Structures are given as C-alpha cells and as structure tokens.
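Numbering (my numbering), first residue to last: 2 to 501.
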C-alpha cells in the first residue's frame with residue numbers, strides 16, 4: 002500500500018485515506034471496544050458538522066477535554082476537518098485549572114464525553130453522541146495550526162504552545178520510517194491527552210493505517226499487568242514515560258512481546274542492562290513538537306544514565322553559553338533547538354515568544370532556548386545535565402541537583418532518588434530504597450558513597466525515605482508533591498525519615 006509519508010502533506014489527509022480505502026480496518030481499541038477507520042472518519046465528520054452549526058469558523062480554538070481513549074482523537078480529527086484548532090486538555094485536571102486554560106485559549110466550545118460543561122460556561126458537544134456523518138470529498142487541511150497544548154507550568158504559569166500541521170507531519174514521517182510502522186503495527190497508548198506524548202503515540206500510527214490500543218488504567222501503572230496486556234493485545238511498539246520505563250526495567254518486567262520500547266519525558270537515569278529487543282531514549286520539549294533527539298540504549302548498557310542522542314531530521318541543535326545565548330565549545334551549555342520542528346508560537350503571548358524563540362548570530366532561523374543544560378560526548382551524542390532553573394546555590398556554590406541524583410543512583414541500595422533544596426538552603430534527597438526495608442542513612446554507605454563521587458557542597462544534608470517518588474499524571478516526578486515532605490526533612494537529623 003502507498004506510504005502516507007510520501008503521499009500526503011498532512012496527517013488528517015493520511016487518516017482520511019485509510020478511512021476511504023480500508024474503512025473496515027481497526028483504528029482504535031479502548032475500554033469501549035474497537036473503532037474502525039470508517040467509523041473514526043464518520044464520527045469526526047459529525048463533530049465537524051456540529052461545530053459548523055455552532056458557528057465555529059476556521060482558526061478558532063475548540064477545547065478537547067477528555068480522558069484517554071478514542072473520544073479525544075475523534076474530536077481532534079473533527080476540528081482538523083473543519084479548520085478549528087483543538088486545545089488538548091486532560092479532563093482529570095482540576096476544574097479551576099481547566100477553566101483558566103480555556104479562558105486563556107479563547108475556546109468557543111468544548112468537545113468532551115467526560116466533562117460537565119456547565120462548570121466551563123461553554124457549549125459542550127459529546128463525541129460519542131453526535132450522529133455519524135458521511136465525509137465529504139477529500140480536500141486540503143483547512144488551516145496551518147494543528148493543536149495547542151499547555152505546558153506543565155514547572156517553570157512558571159502554564160502557557161499554550163501552538164504547533165503547526167507541518168511540524169506534526171514531519172514528526173510522523175520520521176517516526177514511521179525510524180520504527181518501520183505499517184498497517185500491521187499494533188501500538189499502545191498510555192499517555193494522558195494533555196501530555197504531548199499523546200500526540201506522538203497516536204497520530205503516526207493512524208497516519209499509517211495501523212491500530213492504536215489504549216492500555217487500561219490499572220495495567221498502565223502495574224508492570225506485571227502491563228506485560229500481560231502487551232501479550233494479549235499483541236503490541237509491537239510502546240511508549241512509556243521515563244519513570245515508568247525505569248520501574249519496569251527495575252522490576253524485571255518481561256517486555257519481550259515488544260519489538261521496540263520508546264521512552265522520554267524525563268532524564269533516563271537507570272538505563273540498563275536490559276533484555277529488550279530495542280530500547281530508545283527520547284528528548285524533546287513541547288515547543289519542538291514532542292521529539293527532538295533520540296538514542297538507542299544497547300542491552301549491555303551499564304546501570305546509570307543514558308544519552309539523549311542526536312537530532313531527528315527536522316531539528317537543528319546548538320549548545321550555547323547560558324548567559325549570552327551564543328554558541329560555545331565548552332563542555333556544558335544550554336541546548337538551543339532550530340529547524341522545522343519548532344512550534345509556531347506561545348498562544349497569545351508575544352512577549353514570551355520573543356524571549357524564548359530567539360535569533361543567534363551566524364545561525365539563520367529561529368532558535369528555541371530550552372533552559373536545559375547538555376554536554377556533547379566524543380561520539381557526538383548529547384547528554385542531559387540539568388535545568389538552568391533548577392540550579393541552586395549551596396553555601397555560595399552553584400549546584401545542579403540532577404548531577405547529585407545521577408551520582409546517588411549509582412549506589413546499589415538506591416532504586417530512585419530526587420534532590421530538592423529546602424527553605425533553609427540545605428539539600429534533601431528523597432530516596433526510594435531497594436534494600437527490602439533496610440534503612441539508608443547518610444551515616445553509613447550512602448554518605449561514604451556520596452563522598453567518593455561528589456564535593457562536600459553537593460552531599461545532601463537530609464535523606465527522606467519514600468515508598469516511591471510521586472509522579473504527575475504525565476509520568477514525571479512531581480516536584481511540588483516532594484516539597485510537602487520538607488517539614489519531615491527539617492525535623493530529621495542527618496539520617497532518614499520515612500515519608501508516606
């Protein structure tokens with residue numbers, strides 16, 4: 002069959018191709034059952050028609066507020082067919098935050114099967130309730146803007162990132178080629194709709210005539226249930242957020258059903274060894290359309306961090322001096338991203354767009370300042386070092402918490418760790434132990450180990466034992482939740498408290 006990466010200029014046209022030529026092929030499988038490509042297009046056309054009846058014209062924003070499953074995909078495709086810009090929101094977020102985002106986006110309607118629209122003061126359309134409509138003849142995408150996703154707000158207030166159809170298509174084209182996706186591929190989806198990985202783990206496969214299978218909530222958070230589900234659903238390719246992938250490797254979960262496990266979203270600090278057929282680490286901010294770099298992790302990799310690798314074809318990279326923004330040949334610098342992968346802008350925020358998307362002398366085009374510190378090794382691979390905005394000063398010395406975390410993870414008794422600075426300026430290490438209940442304290446092996454690899458200013462003053470590190474719904478370490486443990490840490494002597 003014709004490959005969508007060579008035949009179509011945009012994702013909606015590729016999906017429509019499969020709906021017209023193979024309408025009975027399975028596109029999506031979720032808790033409600035299977036949805037064929039023909040059904041997907043007819044339901045999306047129903048949404049397109051309903052939005053037109055509401056008077057939603059081309060270029061206006063429409064909120065897609067839903068939980069994982071077929072509904073947000075139907076809604077997004079319906080917006081694309083009508084030329085609206087979907088604002089992708091996880092319905093599980095607090096209602097007040099959802100209202101704030103939708104007001105900022107200027108949404109004219111809400112598409113949702115799970116949200117009570119009365120609290121949002123906007124008309125609500127139910128993707129599962131709108132009548133299916135026969136799709137009109139094929140035509141071009143009615144607009145250049147593909148979607149808006151709001152950043153997590155980890156470095157300030159949430160901001161809407163506007164991504165274009167061209168950037169999305171380039172991501173899809175690379176993914177289909179790199180991971181050999183065709184109509185026989187069966188891929189999983191575990192991410193929440195408000196996380197940009199949701200875009201990455203769905204639309205490439207739907208562009209190729211493949212099928213997307215939504216893992217049940219119970220399975221996606223359980224290593225052993227997920228492994229069994231992979232086998233039952235005959236999954237070929239799966240994405241797991243970094244902390245989940247690390248946990249599954251740590252517990253020795255059998256993932257041999259997969260021909261490829263993809264991970265990303267956080268620093269991969271526990272990479273191997275492993276028994277996966279192919280394991281790939283990815284890096285990329287929302288502002289660069291999900292994926293910017295990737296690196297295969299060999300099965301013989303020693304325990305410890307992994308590189309973020311080299312750029313995807315649509316990305317250009319610079320390592321720059323964090324203070325001047327100019328390219329540097331130094332060991333560590335801020336990563337700047339250029340190329341066709343870049344988002345169009347921050348939504349309705351020209352000042353932030355100008356500040357983060359910059360010009361660089363001698364390097365044409367726009368460059369996005371990531372705020373991430375990286376280094377390049379002798380082989381040309383990039384390694385994530387830390388965040389500029391996470392650097393802290395301890396007794397007058399600038400310290401990178403990510404470096405401390407990586408060092409402590411090399412201790413055999415540490416399963417996972419996060420380091421934060423408390424109100425008094427001292428560092429606290431939140432440690433998940435793998436010593437079957439035996440405490441780790443700074444008075445014994447962990448303190449001795451830390452002193453062999455870190456200077457005195459980087460050794461945490463306190464250790465707080467946790468049953469597990471708290472995670473956000475997007476699978477990242479929840480730094481805000483960790484800060485709630487500081488009261489316990491302040492009561493601790495150099496030793497260990499247990500926080501639950």
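A virtual CB, placed ideally from N, CA and C, is assigned to each residue, including glycine. Note that the structure is predicted; figures quoted are calculated from it, not measured.
{"Item": "Between residue 451 and the rest of its own chain, which residues show a CB-CB distance below 6 Å, the 5 nearest in sequence each way excluded?", "Value": "460"}
{"Item": "Compare the beta carbon distance of residue 70 and residue 215 with 8 Å and say whether it is the shorter of the two.", "Value": "yes"}
{"Item": "The beta strand (DSSP E) spanning residue 370 covers which residue range?", "Value": "364-377"}
{"Item": "Only counting the same chain, and skipping five residues up and downstream in sequence, which positions put a Cβ closer than 6 Å to that of residue 29?", "Value": "36, 71, 213"}
{"Item": "May I ask you to list the residues that DSSP assigns as paired with residue 90?", "Value": "66"}
{"Item": "Measure from the alpha carbon of residue 75 to the alpha carbon of each residue in 60, 50, 59, then state which is nearest.", "Value": "50"}
{"Item": "May I ask you to report which of helix, strand or coil DSSP gives residue 405?", "Value": "helix"}
{"Item": "With three or more C-beta pairs closer than 8 Å as the rule, is the stretch 225-245 touching the stretch 181-194?", "Value": "yes"}
{"Item": "By the 10 Å Cβ neighbour count, where 16 or more other Cβ atoms means buried, how is residue 355 classified, buried or exposed?", "Value": "exposed"}
{"Item": "Determine the burial state of residue 406: buried for a count of at least 16 other Cβ atoms within 10 Å of its Cβ, exposed for fewer.", "Value": "buried"}
{"Item": "Look at residue 300 and residue 283 and say whether their C-beta atoms are less than 8 Å apart.", "Value": "no"}
{"Item": "Quick check: the Cα distance between residue 253 and residue 133, rounded to an integer number of angstroms?", "Value": "45 Å"}
{"Item": "From residue 105 to residue 189, what distance separates their C-alpha atoms?", "Value": "32 Å"}
{"Item": "According to the neighbour-count rule (16 or more other Cβ atoms, all chains shown, within 10 Å of its Cβ), is residue 148 buried or exposed?", "Value": "buried"}
{"Item": "Restricting to Cα atoms, I'd like to know which of 456, 484, 434 is closest to residue 466.", "Value": "434"}
{"Item": "Return yes when the C-beta of residue 309 is under 7 Å from any heavy atom of the ligand ATP, and no when it is not.", "Value": "Among the ligands in the structure shown, none appear at all, so the ligand ATP cannot be discussed."}
{"Item": "How big is the Cα-Cα spacing for residue 34 and residue 66?", "Value": "20 Å"}
{"Item": "Under 7 Å Cβ to Cβ from residue 108, same chain only, skipping five residues before and after it: list those, please.", "Value": "62, 63, 64, 88, 123"}
{"Item": "Below 8 Å, how does it come out for the stretch 192-203 and the stretch 316-326: are there three or more Cβ pairs, yes or no?", "Value": "no"}
{"Item": "Label residue 345 either buried or exposed according to how many other C-beta atoms from any shown protein chain fall within 10 Å of its C-beta, with 16 as the threshold for buried.", "Value": "buried"}
{"Item": "Classify residue 130: buried if its beta carbon has 16 or more other beta carbons within 10 angstroms, exposed otherwise.", "Value": "exposed"}
{"Item": "Taking contact to mean 3 or more Cβ pairs, one atom from each stretch, closer than 8 Å, check whether the stretch 416-424 and the stretch 347-361 are in contact.", "Value": "no"}
{"Item": "Taking residue 167 as the reference, give the member of 68, 244, 13, 464 with the closest Cα.", "Value": "13"}
{"Item": "How is the beta strand (DSSP E) around residue 105 delimited, first residue to last?", "Value": "Residue 105 -> not in any beta strand (DSSP E); alpha helix (DSSP H) instead, spanning 96-106."}
{"Item": "Using DSSP with H/G/I as helix, E/B as strand and the rest coil, what is residue 465?", "Value": "strand"}
{"Item": "Helix, strand or coil for residue 48 per DSSP?", "Value": "helix"}
{"Item": "Evaluate residue 20 with the Cβ neighbour count: other Cβ atoms within 10 Å of its Cβ, from every protein chain shown; 16 or more gives buried, anything less gives exposed.", "Value": "buried"}
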